[in-house]
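Some notes on the structure that comes next.
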Amino acid sequence: MSHLNRRQFLIKTAKVLPLSLIGSQTVLGEEPVVATDCHTHFYDPTRVGGVPWPPSSEKRLYRQVFPSDFAKVAGPCGMSQAVVVEASAWVTDNDWVLNLASKNRNLVGLIGHLDPGSASFEAGLARLAANPLFRGVRVSGEEVGKLINPAQLADLKRLAEAGLTLDLNAGIETLATAGELAKRMPELKMVINHLTNLGIDGKPPPANWSRAIEAAARHPNIWLKVSGLVEGSGRSDGTAPTDPAYYKPVLDTIWDHFGAKRLIFGSNWPVSELFAPYTAVHAIVRGYFEPRGAEALDNVFARNGLAAYGWKARHRP
Numbered sequence: 192m193s194h195l196n197r198r199q200f201l202i203k204t205a206k207v208l209p210l211s212l213i214g215s216q217t218v219l220g221e222e223p224v225v226a227t228d229c230h231t232h233f234y235d236p237t238r239v240g241g242v243p244w245p246p247s248s249e250k251r252l253y254r255q256v257f258p259s260d261f262a263k264v265a266g267p268c269g270m271s272q273a274v275v276v277e278a279s280a281w282v283t284d285n286d287w288v289l290n291l292a293s294k295n296r297n298l299v300g301l302i303g304h305l306d307p308g309s310a311s312f313e314a315g316l317a318r319l320a321a322n323p324l325f326r327g328v329r330v331s332g333e334e335v336g337k338l339i340n341p342a343q344l345a346d347l348k349r350l351a352e353a354g355l356t357l358d359l360n361a362g363i364e365t366l367a368t369a370g371e372l373a374k375r376m377p378e379l380k381m382v383i384n385h386l387t388n389l390g391i392d393g394k395p396p397p398a399n400w401s402r403a404i405e406a407a408a409r410h411p412n413i414w415l416k417v418s419g420l421v422e423g424s425g426r427s428d429g430t431a432p433t434d435p436a437y438y439k440p441v442l443d444t445i446w447d448h449f450g451a452k453r454l455i456f457g458s459n460w461p462v463s464e465l466f467a468p469y470t471a472v473h474a475i476v477r478g479y480f481e482p483r484g485a486e487a488l489d490n491v492f493a494r495n496g497l498a499a500y501g502w503k504a505r506h507r508p
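Right, here's the structure in full:
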């Protein structure tokens, strides 16, 4: 990352170490704000029982993926920390990631998997929330549309009362669901993943998507994750465009409505590797936000993620 100023994204040493502390001069409350990738995945297909995701048929992903691997690709970009988003539907995989995070200080939080409305949600949430590394749950696909049912709403209220965050991952309908939840529960923090999995072709996004983005952004408890850009190109052969200009029409839309305070960087690594290298994913987002000033860059790569997820600092200046 280019030098900005002493307050923004400073590298503490002349040599860039893996997961070196960056941005430690910036403080939100009592927590140092550190450059953090807010959407990563870790797993080990070789462990007993294997993993339900990724599928063994996807050989490029079906391998051991650990924090040391993340350090190799993200460290040179100045990304010091990661939030893990659990893609597995196995509740026990929450514990696997939390155990992994307990041994790796660069992992600052887990957005886990629990099913709101299920008989096991309340007890599962109480158990997992006792660990400060557990920062919320993600709901994906068709389950997103069910969240306004009474049983799901009751569990989301429990999530909000615990000070935890709801990640949402589906299509454009995610935006309407998030807006309805925001009206009913303004105390519930929500983060929309992957720009609602929008297809991106270098042209202005569909008008209905832009209107839905505008409507969702009216609610101050909704954040938008700047993730899924290269995936939106559909080029899973590794040839996704790397010029920020290709993504500018979409990025302009989210910037216009969510602004500098509610956009969060996430790479979706290692899935993103199918479309472009980590360096390119990082550079696309940096290339768009850097001309908008040091504060915007600092917010997108550090402050906003901390505001949405509220992890406790594991690195100290």
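Going left to right, the sequence shown walks through residues 192 to 508 as the working numbering numbers them.
C-beta atoms are modelled at their ideal positions from N, C-alpha and C, and glycine is treated no differently.
For clarity, every value in this text was computed on a predicted model and none was experimentally measured.
Status (buried if at least 16 other CB within 10 Å, exposed otherwise) for Q255: What you label residue 255 is simply residue 64 of the sequence shown in a count that begins at 1. By the neighbour-count rule (16 or more Cβ atoms within 10 Å), Q255 is not buried but exposed.
Does the distance from the C-beta atom of V417 to that of V476 stay below 8 angstroms? Here residue 417 corresponds to residue number 226 of the sequence shown, with the count starting at 1. Here residue 476 corresponds to residue number 285 of the sequence shown, with the count starting at 1. Yes. Within cutoff.
DSSP on V282, reduced to helix/strand/coil? Residue numbering aside, residue 282 sits at position 91 when the sequence shown is read from its first letter. Note: V282 maps to coil in three-state DSSP.
Out of E486, V441, V225, V299, point me to the one whose CA is closest to C268's CA. Position 77 of the sequence shown holds residue 268. Nearest C-alpha to C268: V225.
Secondary structure of Q216, DSSP reduced to three states: Within the sequence shown, the letter at position 25 stands for residue 216. Unreliable placement is indicated for Q216, whose pLDDT of 35 sits below 50; the coordinate value is still reported in the next sentence. Coil at Q216, not helix or strand.
Would you please verify whether the beta carbon of P236 is less than 8 angstroms from any beta carbon of chain D? As a matter of chain content, chain D is missing from the structure shown, which is built from one protein chain.
Buried or exposed for G303, going by 16 or more other Cβ atoms inside 10 Å? Reading the sequence shown from its first residue, position 112 is the one you call residue 303. By the 10 Å Cβ count, G303 comes out buried.
I'd like the list of long-range same chain contacts for S247, defined as Cβ closer than 6 angstroms, with 5 residues on each side in sequence excluded. What you label residue 247 is simply residue 56 of the sequence shown in a count that begins at 1. Only Y253 meet the Cβ criterion.
Is F144 helix, strand or coil by DSSP? No answer is possible for residue 144: it lies beyond the span of the chain, which begins at 192 and ends at 508.
Since V441 contacts S458 with CB under 8 angstroms, what's their CB separation in whole angstroms? Counting from one through the sequence shown, the residue named residue 441 turns up at place 250. Counting from one through the sequence shown, the residue named residue 458 turns up at place 267. The pair is not a contact, with the Cβ atoms about 17 angstroms apart (cut-off 8 angstroms).
Who are the Cβ neighbours of M270 in its own chain at under 6 angstroms, not counting the five residues just before and after it? Position 79 of the sequence shown, counted from the first residue, corresponds to residue 270. For M270, where only same-chain residues beyond five positions count, the Cβ hits under 6 angstroms are A226, D228.
Is L316 closer than 8 angstroms to L171 when the C-beta atoms are compared? Given that the chain is displayed from residue 192 to residue 508, the structure contains no residue 171 and the question cannot be resolved.
If you draw a straight line from the alpha carbon of K503 to that of K294, how long is it in whole angstroms? Against the sequence shown, residue 503 aligns to sequence position 312. Against the sequence shown, residue 294 aligns to sequence position 103. Approximately 15 angstroms, taken between the alpha carbons.
Which residue or residues does DSSP assign as beta-bridge partners of A273? Reading the sequence shown from its first residue, position 82 is the one you call residue 273. A273 pairs with D228, L298.
Taking D443 as the reference, which of P396, A367, R251, R318 has the closest Cα? Here residue 443 corresponds to residue number 252 of the sequence shown, with the count starting at 1. For D443, the nearest C-alpha among the options comes from P396.
Given this structure, state the Cα-to-Cα distance separating G362 from G450, to the nearest angstrom. In the sequence shown, counting from the first residue as 1, residue 362 sits at position 171. In the sequence shown, counting from the first residue as 1, residue 450 sits at position 259. Near 21 angstroms, if we compare the C-alpha coordinates of G450 and G362.
Looking at the structure shown, is D489 part of a helix, part of a strand, or coil, going by DSSP? Translated into the one-based positions of the sequence shown, residue 489 becomes position 298. Note: D489 maps to helix in three-state DSSP.
Going by the beta-carbon positions, is the gap between V421 and F466 smaller than 8 angstroms? For the purposes of this step, residue 421 is taken as residue 230 along the sequence shown, with counting starting at 1. For the purposes of this step, residue 466 is taken as residue 275 along the sequence shown, with counting starting at 1. Going by C-beta atoms, V421 is nearer than 8 angstroms to F466.
Whole runs of the alpha helix (DSSP H) within the stretch 393-423, excluding any shorter than 4 residues: Runs found: 398-408, 420-423.
Give the straight-line distance between the Cα atoms of I383 and L338, rounded to the nearest whole angstrom. Here residue 383 corresponds to residue number 192 of the sequence shown, with the count starting at 1. Here residue 338 corresponds to residue number 147 of the sequence shown, with the count starting at 1. Those two C-alpha atoms are separated by around 14 angstroms.
Whole angstroms is fine: what's the gap from R349's alpha carbon to E313's? Locating residue 349 in the sequence shown gives position 158, where the first residue counts as 1. Locating residue 313 in the sequence shown gives position 122, where the first residue counts as 1. For R349 and E313, the distance between alpha carbons rounds to 8 angstroms.
Would V239 be called buried (16 or more neighbouring beta carbons within 10 Å of its own) or exposed? Position 48 of the sequence shown, counted from the start, is the residue given in the question as residue 239. It is exposed - the Cβ of V239 has fewer than 16 other Cβ atoms within 10 Å.
Does DSSP classify G241 as helix, strand or coil? Sequence index remark: in the sequence shown, residue 241 carries index 50 (1-based). Looking at G241 - three-state DSSP - the assignment turns out to be coil, as it is neither helix nor strand.
Could you name the residues of the same chain whose beta carbon sits closer than 8 angstroms to that of A353, not counting the 5 residues immediately before and after it, in chain order? The residue you call residue 353 lines up with position 162 of the sequence shown. Once the five neighbours on either side are set aside, the close Cβ partners of A353 are L316, A320.
Based on DSSP bridge pairs, tell me the residues matched to R173. The question about residue 173 has no answer, for the chain in this structure spans 192 to 508.
Please classify D358 as buried or exposed, where buried requires at least 16 neighbouring CB atoms within 10 angstroms. Counted from its first residue, the sequence shown places residue 358 at position 167. When all chains shown are included, D358 counts as buried.
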